[in-house]
Structure formats: C-alpha cells, structure tokens
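Below: one structure, written as structure tokens.
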Amino acid sequence: MATEIDLRGRPADEYRTRLFDALTEAERGDVFEIVAAEDVDPHLVQYQLEHERALEWEYDDPDEEPRELRVTVGDPLEDEHGTIDVRDLKPQRRHGVLLEIFDTLSAGEGFVLVNDHDPKPLYHELRSMHGDIVDWQYASKGDGEWRVEIEKTADSAADSEDVVTRYDVREIPKQERHPTIHHRYGMLPDGATMELVAPHEPRPLRREFRQQYGDTFDWEIVEQEPGRCRVQITKRSGGGEATASNADEVENRDEDADEATTDDESLEVVDELDVRDLPPAQRHERIFKAYAELDGGTGFVLVNDHDPKPLYHQFDAEAGPEFRWTYRRKEPDEFRVLIGKAETDDGVPGTDASATQEETEPEAPF
Numbered sequence: 001m002a003t004e005i006d007l008r009g010r011p012a013d014e015y016r017t018r019l020f021d022a023l024t025e026a027e028r029g030d031v032f033e034i035v036a037a038e039d040v041d042p043h044l045v046q047y048q049l050e051h052e053r054a055l056e057w058e059y060d061d062p063d064e065e066p067r068e069l070r071v072t073v074g075d076p077l078e079d080e081h082g083t084i085d086v087r088d089l090k091p092q093r094r095h096g097v098l099l100e101i102f103d104t105l106s107a108g109e110g111f112v113l114v115n116d117h118d119p120k121p122l123y124h125e126l127r128s129m130h131g132d133i134v135d136w137q138y139a140s141k142g143d144g145e146w147r148v149e150i151e152k153t154a155d156s157a158a159d160s161e162d163v164v165t166r167y168d169v170r171e172i173p174k175q176e177r178h179p180t181i182h183h184r185y186g187m188l189p190d191g192a193t194m195e196l197v198a199p200h201e202p203r204p205l206r207r208e209f210r211q212q213y214g215d216t217f218d219w220e221i222v223e224q225e226p227g228r229c230r231v232q233i234t235k236r237s238g239g240g241e242a243t244a245s246n247a248d249e250v251e252n253r254d255e256d257a258d259e260a261t262t263d264d265e266s267l268e269v270v271d272e273l274d275v276r277d278l279p280p281a282q283r284h285e286r287i288f289k290a291y292a293e294l295d296g297g298t299g300f301v302l303v304n305d306h307d308p309k310p311l312y313h314q315f316d317a318e319a320g321p322e323f324r325w326t327y328r329r330k331e332p333d334e335f336r337v338l339i340g341k342a343e344t345d346d347g348v349p350g351t352d353a354s355a356t357q358e359e360t361e362p363e364a365p366f
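Heads up: the sequence shown at position 68 corresponds to 68 in UniProt numbering, and the numbers run straight through without jumps.
As structure tokens, this is what we get:
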C-alpha cells in the first residue's frame, strides 16, 4: 500500500525535509504517492546523492499541476550515481529541472540522465553556463532510451545575470548551433531571457528568429568587442510563433527563399534525404553533410515535416553563389526542397559553406 505525502500548502524549502524524513524510514520496495505544487525531482536526486539509495519515480501527467508522482524506493547505489528519468516530463520542464539539479551538485557529484532522445543540447547549455566542469559520458544510445552519466568536476562560478540560460556558440559544432538554440528557445516561458555568446553578432540567426517568431521577442546586444558579442533574447508574450501583426515583414523576408528557383533544371538529383524521423539536432548535421558531399551540378531532395526555411537563411549566409534552393512540394507534414550546388563557369563547384568558413574566417558565420 502506498504512503501519501501531500506537500501542497508547504513552503518549497520544506519539501526536502518532509521527503527526506519519509524516504529515510522506508524500506526497499516501499511506494509513496506525492502531490506537490511544483516538480520535486531536484530533491529526489539530491536524496540519492546524500543517502546512496536508488529511487524511481513517474509523474501521472507530463505537465499537469499540482504535480502528482509515484516514488519507489530501491536498493543501495553502491558507488553508482542516482538516476533521473525525464521521459515522462513535458520538454519545457526538463531543462529547468536538470539545470537546477546540476546547480545543487558539489564538485565530484553527478547523476545518470535517462531521456527519450539525445540530450546533447543540455550538454552545450551546461558548458556555456558553468564552463569546463561538465563530465558527460554516454552509457547507452537509441531505441527511445539515452542514458548519460553527468558529473560536476569542480565548483562552478556561474553567474546567471537574470538570464534563464546561456549558450556560448563558439563551443558548439556549427551544424548543431541553430537547432540547439531554437530547441531551447521554444522551451522558455514568456518573459524569460536567453543569452548567446558569439564571435560577432549572429545576424543570420536573428533573421531566422524574425521569420519564425515575428515581433514576439526582444534582441539586445549587451556587450560587443573584437571576437566576442553577447546577445540577450527575451521572449515576449506569445513568443512561440510569428504573429499576424508582422505578417508583411515576415513575408518580405521569406521572398528570397520562395523565389530561389532558378537553375534547378540543370541540377542532377543524386539522392533523397528524408529527415522526418531524426531528432531536430541531428537534422541540420545530416543536411550540411549531404550538401558538403555534393559535386558541382548535383543536388538532393530534402524531405521534412515542416518548412525548413530557417535552414535556407543559414545556407544563404554561409554558402557561396553556387547554392541552389527550390521548393518542390509544400504540404502539411511533407515539405520537399531541392538543394543543390551549381557549377561555376569553369565547371568546378564553388567552395562549400564549411570550407569557406574555415579558409576566410577564424569563426563560423553564425
């Protein structure tokens, strides 16, 4: 029979004491049904760290409040890390919970994260906020269960400066930058601020934001010096998508992509790349790799489940004049785009986006 613990009406700083007292007196296999006004995951992870005892828990609903969950007491950890499985949490809750857990760790402490996809964006986020003190080791990958051992190797000197999250894009592989940032921005609550650190102002990203989110965000450069630019992006109310009030501006910004249809007849289609089953962070990587492998005069058909227009802006900013983009189909859940590399006058393709970046700039155009 499960023991009920109702934390509603209690101050959040009392959650820990009430939970720890109950769990410490429990035996293996004991079950607790907990109701709380907010997520209690950081307390459960901290209990595993301090008492070296495994816990398993599952929420009744990914997002519904009050939070209701069922906790089962397990065996001693025997020098293993405690585990948190976030697969039953709404994505918007996951990063906040995991950032709070990492903040509470002391040097040398860690936990095992279980997720339903590669949580690599969290790695970039932790590194950007805390520096080189994040040890990140994959224990398993794929099949709906990714397990990562995360450890804080030293004390953190993180300074939030009233921002919810920070990304130093100079430390993120180029193909992962934009999808990582869009992924995290979509999880921000209204009024929250994300900070980016880049080698220069990330104007291509700003164009993507205007195209995708309209005028529902604020973009402020808070620091700019040679080789370093700090930008703070604040989500206004309704900041998840473009609004009707700026439809004309968005439409004008998209005309280049819509009209980029020339020369497609001269391209030989050599492949079809369907990325609909890939996690967002892997899509751009696969697409850029496919483009880099093209010979002059060839192309591939990209199949995506939504309009990949932000990708066009990134290619347009980073690729050379040989870049070609032609829409072939625009339907719900199926967008087809011919992406190609035209031949130059001498029959040799221009330098691809990655090569151009490496040869002409020390940092990638963002």
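Beta carbons: idealized from backbone N, C-alpha and C, even for Gly.
With 16 or more other Cβ atoms from the protein chains shown falling within 10 Å of its own Cβ, residue 45 counts as buried. Between the C-alpha atoms of residue 134 and residue 270 there is a straight-line separation of about 41 Å. Going by beta carbons, residue 16 and residue 5 fall outside the 8 Å limit. Of 198, 283, 296, the smallest CA-CA separation from residue 310 is found for 283.
As the crow flies, the alpha-carbon of residue 192 is around 36 Å from that of residue 323.
In the structure shown, the three-state DSSP call for residue 338 is strand. When only Cα atoms are considered, residue 41 and residue 215 end up about 35 Å apart. Annotated three-state conformation of residue 97 is helix, per DSSP. Given a length threshold of 3 residues, each whole run of the beta strand (DSSP E) inside the segment 73-153 is given here in chain order: 82-85, 110-115, 134-140, 146-152. Relative to residue 94, the option among 78, 80, 114 whose CA is nearest is 114.
Annotation: residue 266 to residue 89 spans about 49 Å, alpha carbon to alpha carbon. Closest by C-alpha distance to residue 277, out of 302, 291, 296, 295, is 302. Scanning its chain for C-beta atoms nearer than 8 Å, with the 5 sequence neighbours on each side dropped, one finds around residue 139 the residues 112, 147, 148, 149, in chain order. For residue 173 against residue 313, the beta-carbon gap comes to about 19 Å, at or over 8 Å, which does not count as contact. In the three-state reduction of the DSSP assignment, residue 13 falls in the helix class, which pools H, G and I.
Residue 123 holds the alpha-carbon nearest to the alpha-carbon of residue 177 among 336, 234, 66, 123.
Residue 231 has its alpha-carbon roughly 32 Å from the corresponding atom of residue 326. By the Cβ-count criterion, residue 60 is exposed, with fewer than 16 other Cβ atoms from all chains shown falling within 10 Å of its own Cβ. When secondary structure is reduced to three states using DSSP, residue 44 falls in the helix class. For the pair residue 228 and residue 219, the CB atoms are not nearer than the 8 Å cut-off. The bridge partners DSSP lists for residue 194 are 165, 233.
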